[in-house]
Amino acid sequence: MKRTLKILILSVGMVGLTISTSQRPAISAEILSVDANLTVDDYLKLGLEHLHKREFKQALETYNKALELSPENAEAFYNRGLAYFELGQPAKAIEDYTFCIAFNPQYVWAYNNRGYTYHTLKQYEKAIKDYDTALKLDPKMTLAYFNRGISHYELGELLLSLEDYSEVIKIDPKSETAYNNRGWSHYKLKLYVQSIADYNQAIKLNPKYKNAYLNRGHCYLAMGETAKANADFKKAESL
């Protein structure tokens with residue numbers, strides 16, 4: 497049986513639906529054109545509902561209406577960027593995140609998500625630059641550290657990726673994905689003891705973490721511990 501190494505990008509992504517809308521009134525999702533009785537906030541609330549339901553085309557249309565009413569609304573640009581990304585239009589997503597940043601330079605999630613979009617286009621240096629800015633604005637933003645670690649890995653900057661995963665763990669000691677990814681960077685550096693320790697912790701946090709068993713198995717193979725490797729592969733296959 498051919499085994500596949502599953503590494504790194506396990507939970508990387510955009511935490512995009514983070515806008516606080518708890519004070520906005522609930523409204524109907526049946527809007528076809530700009531309604532003079534609805535405010536920009538109403539459209540933002542409706543757009544967020546579409547995003548949560550993964551109705552990305554409807555979300556796009558709704559944010560277009562919000563921007564007709566408020567052409568410099570950073571939140572509308574940000575969320576429309578999310579919709580464009582999910583619709584497979586990364587260039588337009590980047591454009592909207594850039595507009596969002598222009599109108600609100602403190603919008604930390606716009607930097608993170610633009611960075612992630614650059615990453616998906618393999619523009620890793622640009623991605624890292626955006627993550628750097630996000631972390632200046634929010635030094636405890638674990639997702640930006642996590643994503644930057646992956647971009648550093650893709651550039652072969654393994655020590656920098658280790659540092660970023662370690663920062664995630666410092667802030668969130670229960671992040672099994674950070675332990676798994678740091679374990680893989682240790683593995684690539686042939687630091688097998690440290691790698692095993694990271695996979696052990698990932699598995700302790702999540703005993704059903706299939707990828708951690710697979711990766712630990714490959715580490716055991718590199719160490720010549722075939723029996724332990726096979727036990728991990730068998731365990732992974734059972735999950």
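Position 206, counted from 1, in the sequence shown is what our numbering calls 702; the numbers after and before it change by one each time, with no gaps. Just so you know, even glycine gets a beta-carbon here, dropped at the ideal spot from N, CA and C.
- The region 538–555 makes contact with the region 568–575, as at least three CB pairs between them are under 8 angstroms.
- Taking the C-beta atoms as reference points, Tyr-580 is found nearer than 8 angstroms to Leu-556.
- Between Ala-623 and His-615 a beta carbon distance of about 4 angstroms is seen, short of the 8 angstroms cut, so the two are scored as contacting.
- In chain order, Arg-678 place their CB closer than 7 angstroms to the CB of Ser-662, counting only its own chain and leaving out the 5 sequence neighbours on each side.
- Annotated three-state conformation of Ser-681 is helix, per DSSP.
- CA-CA distance, Ser-734 to Ser-671, rounds to 23 angstroms.
- Burial check for Asp-626: the Cβ neighbour count within 10 Å reaches 16 or more, so the residue is buried.
- Contact between Lys-684 and Tyr-709 is ruled out by a C-beta separation of about 18 angstroms, above the 8 angstroms threshold.
- Secondary structure within the region 612–671: the alpha helix (DSSP H) runs of 4 or more consecutive residues, fully enclosed, are 620–633, 638–650, 654–667 (chain order).
- Per DSSP, Pro-586 is one residue of the alpha helix (DSSP H) stretching across 586–599.
- In this structure, Asn-676 lies near Tyr-705, with their beta-carbon atoms less than 8 angstroms apart.
- In this structure, DSSP gives Thr-673 a helical state, which the three-state scheme calls helix.
- At a cut-off of 4 residues, the continuous stretches assigned as alpha helix (DSSP H) that sit fully inside the region 682–731 are 688–701, 706–718.
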